[in-house]
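> Residue numbers (this note's numbering): -14 to 184.
(1) Inspect the CB distances between the region 122 to 141 and the region 8 to 23 and report whether three or more fall short of 8 Å.
(2) Along the alpha helix (DSSP H) that carries residue 42, what are the first and last residues, could you check?
(3) Return helix, strand or coil for residue 160, following the three-state DSSP convention.
(4) Spell out the partners DSSP gives residue 177 in its beta bridges.
(5) For residue -5, name the three-state secondary structure that DSSP assigns.
(6) Helix, strand or coil for residue 57 per DSSP?
(7) Taking the DSSP output, what are the residues bridged to residue 170?
(8) For residue 10, which option in 118, 50, 33 and 65 has the closest C-alpha, if you only look at C-alpha atoms?
(9) For residue 149, which residues does DSSP report across the bridge?
(10) Which residue comes first and which comes last in the beta strand (DSSP E) that contains residue 67?
(11) Between the C-alpha atoms of residue 22 and residue 42, what's the straight-line distance to the nearest angstrom?
(12) Per the DSSP calculation, residue 127 is bridged to which residue(s)?
(13) Tell me, please, which residues DSSP counts as bridged to residue 33.
(14) Taking only the alpha-carbon atoms, compute the straight-line gap between residue 174 and residue 34 and give it to the nearest angstrom.
(15) Please confirm whether residue 50 and residue 40 have their CB atoms less than 8 Å apart.
(16) Around the C-beta of residue 70, are 16 or more other C-beta atoms found within 10 angstroms, so that it is buried, or is it exposed?
(17) Out of 152, 31 and 144, state which residue places its alpha-carbon closest to the alpha-carbon of residue 128.
(18) Tell me, to the nearest whole angstrom, how far the beta carbon of residue 171 is from that of residue 60; I am working on the premise that it is less than 8 Å.
(19) I'd like to know whether the C-beta atoms of residue 45 and residue 36 end up nearer to each other than 8 Å.
So this is what it looks like as structure tokens:
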């Protein structure tokens, strides 16, 4: 039975409880618009035609690296009702012993041998909330797009812009998976009719 909070069922988190989302790594991010409304434009001839709101979603994604430290951006696409992107956190590591040193410490995809804290995952997530967690970066991105869309009075058929309250993230574990996701993002507009978000 699902737990209740304030007499309402809680939505179980899809996030990995064993992983700290402030750690270095590459993350595949998907964010949908509220009600999957086509705020961002439309696909024509297998290419995305961005609306003014779609331009905001595009510009503010590329601004992330100017507002967060040790962040790189991989492939990214704006679709009619969602965005896909690869977010890379590449924080410098403090190596405490040569036994734990990883030759690929600067490679964003190496899941480095890190000293695992003794706190619980919930304590680590709370402790690490700040500018450089996946949640804080995506929260700031969503907020910036919403704020500017509302300030400019941008709507779709009289519907004011909004995001779904949550987003999906996936920890990319190796180079093969990174390439597969990269190819998926880049080919997304041409496969729109078969996309699970198509509506």
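Glycine residues also receive a C-beta, built at the ideal position from the N, C-alpha and C atoms.
In brief:
(1) Put simply, the region 122 to 141 touches the region 8 to 23. At least three CB pairs are less than 8 Å apart.
(2) The residue you call residue 42 lines up with position 57 of the chain shown. Segment 37 to 52, the alpha helix (DSSP H) holding residue 42.
(3) Walking along the chain shown from the start, residue 160 turns up at place 175. Three-state result, residue 160: helix.
(4) In the chain shown, counting from the first residue as 1, residue 177 sits at position 192. Paired residues: none, contrary to the question.
(5) Along the chain shown, read from residue 1 onward, the residue named residue -5 stands at position 10. Residue confidence for residue -5 is low, a pLDDT of 38 falling below 50, so the modelled location carries little weight; the figure read from the coordinates is stated next. The answer is coil: DSSP assigns residue -5 none of H, G, I, E or B.
(6) Your numbering for residue 57 matches position 72 in the chain shown. Here residue 57 sits in strand by DSSP.
(7) Position 185 of the chain shown holds residue 170. As far as DSSP is concerned, residue 170 takes part in no beta bridge.
(8) Translated into positions along the chain shown, residue 10 becomes position 25. Looking from the CA of residue 10, the closest CA among 118, 50, 33 and 65 belongs to 118.
(9) As a first step, residue 149 must be located in the chain shown, where it is residue number 164. None, per the DSSP bridge assignment.
(10) Position 82 of the chain shown, counted from the first residue, corresponds to residue 67. Residues 67 to 74.
(11) Translated into positions along the chain shown, residue 22 becomes position 37. Translated into positions along the chain shown, residue 42 becomes position 57. Here the C-alpha atom of residue 22 lies approximately 14 Å from the C-alpha atom of residue 42.
(12) For this step, residue 127 is matched to residue 142 along the chain shown. Answer is none; residue 127 lacks a bridge partner.
(13) In the chain shown, residue 33 corresponds to position 48, counting from 1. The partner list for residue 33 (beta bridge, DSSP) reads 28.
(14) Counting from one through the chain shown, the residue named residue 174 turns up at place 189. Counting from one through the chain shown, the residue named residue 34 turns up at place 49. A straight line joining the alpha-carbon of residue 174 with that of residue 34 spans about 10 Å.
(15) Against the chain shown, residue 50 aligns to sequence position 65. Against the chain shown, residue 40 aligns to sequence position 55. Taking the C-beta atoms as reference points, residue 40 is found no nearer than 8 Å to residue 50.
(16) Translated into positions along the chain shown, residue 70 becomes position 85. In the assembly as shown, residue 70 is a buried residue. Its beta-carbon has 16 or more other beta-carbons within 10 Å.
(17) For this step, residue 128 is matched to residue 143 along the chain shown. If we check each option's Cα against that of residue 128, 152 comes out closest.
(18) By 1-based counting over the chain shown, the position of residue 171 is 186. By 1-based counting over the chain shown, the position of residue 60 is 75. Correct: roughly 6 Å between the Cβ atoms.
(19) One-based indexing of the chain shown puts residue 45 at position 60. One-based indexing of the chain shown puts residue 36 at position 51. No, they are not a contact pair.
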